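Structure first, then comments.
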Amino acid sequence: MQSEAKKILEDAYDILETRGWCQGTLRKADGRVCLEGAVIAACPDSLHWLMQAQHPGFAAWRTLGEVIGRETGCAFMSPYLWNDAPERTVEDVKLVLKKAIES
Numbered sequence: 079m080q081s082e083a084k085k086i087l088e089d090a091y092d093i094l095e096t097r098g099w100c101q102g103t104l105r106k107a108d109g110r111v112c113l114e115g116a117v118i119a120a121c122p123d124s125l126h127w128l129m130q131a132q133h134p135g136f137a138a139w140r141t142l143g144e145v146i147g148r149e150t151g152c153a154f155m156s157p158y159l160w161n162d163a164p165e166r167t168v169e170d171v172k173l174v175l176k177k178a179i180e181s
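Residue numbers (the numbering used here): 79 to 181.
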């Protein structure tokens, strides 16, 4: 993984720790964010990375999807769908971010 993508994931982890975690929306009025919201907040040019396969934000997102996929037995799992599953916990989300940072 690119060092810039790793930095985005590290920053996303810190944002999640600082603001708190939520489900069902990118960000709550009180500042809590979902997994995708944390990655977006950590990405220097916001949502533009979703359309650019060479962007470090896209690499960070792809890495998260691959790590979650390995955890769930899928080839790739969408991080936002995984985040919003009713059984998901903030501890699950933090663990996946840590694994993505280490990969």
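Glycine residues also receive a C-beta, built at the ideal position from the N, C-alpha and C atoms.
This structure is a prediction, so every number in the text was calculated from the model and none was measured.
Requested in this report: Would you mind reading off the limits of the alpha helix (DSSP H) that contains S81?
Outcome: For the purposes of this step, residue 81 is taken as the residue at position 3 of the sequence shown. Residues 81–97.
Query raised in the report: Should T103 go down as buried or exposed, given a rule of 16 or more other Cβ atoms within 10 Å for buried?
Result: As a first step, residue 103 must be located in the sequence shown, where it is residue number 25. Taking all protein chains in view, the Cβ of T103 is surrounded by fewer than 16 other Cβ atoms within 10 Å, so the residue is classified as exposed.
Query raised in the report: Which of the three DSSP states, helix, strand or coil, is assigned to R148?
Result: For this step, residue 148 is matched to residue 70 along the sequence shown. In the structure shown, the three-state DSSP call for R148 is helix.
Query - Anticipated Cβ contact below 8 Å, I86 with G151, distance rounded - result: Taking the first residue of the sequence shown as position 1, residue 86 is located at position 8. Taking the first residue of the sequence shown as position 1, residue 151 is located at position 73. Taking the Cβ atoms as the reference, I86 lies roughly 26 Å from G151, outside the contact range of under 8 Å.
Query raised in the report: Do you know offhand how far W99's Cα is from P164's?
Result: Taking the first residue of the sequence shown as position 1, residue 99 is located at position 21. Taking the first residue of the sequence shown as position 1, residue 164 is located at position 86. Spanning the two alpha carbons is a distance of roughly 14 Å.
Query - Where the alpha helix (DSSP H) through G182 begins and ends - result: Only positions 79 to 181 of the chain appear in the structure, and residue 182 is not among them; the question remains open.
**Report entry** Selection from L175, S181, E82 that minimises the alpha carbon distance to D92
**Finding:** Indexing the sequence shown from 1 puts residue 92 at position 14. If we check each option's Cα against that of D92, L175 comes out closest.
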